[in-house]
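Just so we're aligned: 104 in this note's numbering is position 77 of the sequence shown, and the numbers increase by one with no gaps anywhere. Have a look at the structure below, then the notes.
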Amino acid sequence: ADLANATTIASALETNVDAEAEIHSLRAQIETLRGELKATSEALLGARDELATATTREQCLRWASREMESINVELRRTVDEQSALISERDAIEADLARREEDLAAAEA
28 ADLANATTIA SALETNVDAE AEIHSLRAQI ETLRGELKAT SEALLGARDE
78 LATATTREQC LRWASREMES INVELRRTVD EQSALISERD AIEADLARRE
128 EDLAAAEA
């Protein structure tokens with residue numbers, strides 16, 4: 028009976044030692060996973076910040092692009108107005124030159 032008890036106790040102690048080793052291994056795995064989770068969370072926060080920066084940059088570029096388009100339209104309008112004024116001036120100068128020729132011819 029004492030031998031059976033001793034065998035049972037030895038088996039229980041061996042099982043307990045194995046369980047303690049398994050618990051230690053699992054705790055180490057949990058700590059590793061916690062570290063990986065923390066690194067992943069930090070990477071995710073970094074990616075979120077980069078995305079926010081990229082989104083802000085994209086919005087600024089869109090705004091600048093719209094502003095440039097508006098300026099371009101205004102410049103085209105100004106060029107068209109200047110071209111019309113130049114054409115009008117050329118027509119007036121041609122008319123004046125014709126009148127001067129007519130006047131010179133009339134005086135002659």
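The beta-carbon is built from N, C-alpha and C at its ideal position, and this holds for glycine as well.
Under the three-state reduction of DSSP output, residue 135 falls in the coil class, being neither helix nor strand. As the crow flies, the alpha-carbon of residue 97 is around 42 Å from that of residue 125. Taken atom to atom, the span from the alpha-carbon of residue 54 to that of residue 63 is near 14 Å. DSSP, read as helix, strand or coil, puts residue 28 in coil. Rounded to whole angstroms, the separation of the alpha carbons of residue 45 and residue 52 is 10 Å.
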